[in-house]
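Everything in the sequence shown is counted per the numbering used here, starting at 10 for the first residue and increasing by one. A virtual CB, placed ideally from N, CA and C, is assigned to each residue, including glycine.
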Amino acid sequence: MIEALKDDKVVNAMGGRFKFTALVQHRIRELMDGARPLVERAGRNDFEIAVQEIVEGKISLELAPEEDGDADEAK
């Protein structure tokens, strides 16, 4: 198992398990579709590559900005 997942620091830095899982899933899909890994493969599978990229800060989660219309409705 990946050592980084034994500690919740990485998961908490991403904003929780859901966001972390969504980012890992998205990156694995990119790797499966032929994207180049941002870290050395060194015999690791796509899951391990995706987690290592997150741990090293090479990828992060970007949220779409909220639309102004939604903010006005909440007032």
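Note that the stretch 66-74 does not touch the stretch 51-58; fewer than 3 beta-carbon pairs, one per stretch, sit closer than 8 angstroms. The beta carbon of L14 is closer than 7 angstroms to those of V60 in its chain, skipping five residues each way along the sequence.
With 16 or more other Cβ atoms inside 10 Å of its own Cβ, F29 counts as buried.
One alpha carbon belongs to Q34, the other to G24, and they sit about 15 angstroms apart.
Contact annotation: R36 and E75 have beta-carbon atoms that are not nearer than 8 angstroms.
Shown here for M41: same chain residues with a beta carbon closer than 7 angstroms to its own, the five before and five after excluded, namely D55 in chain order.
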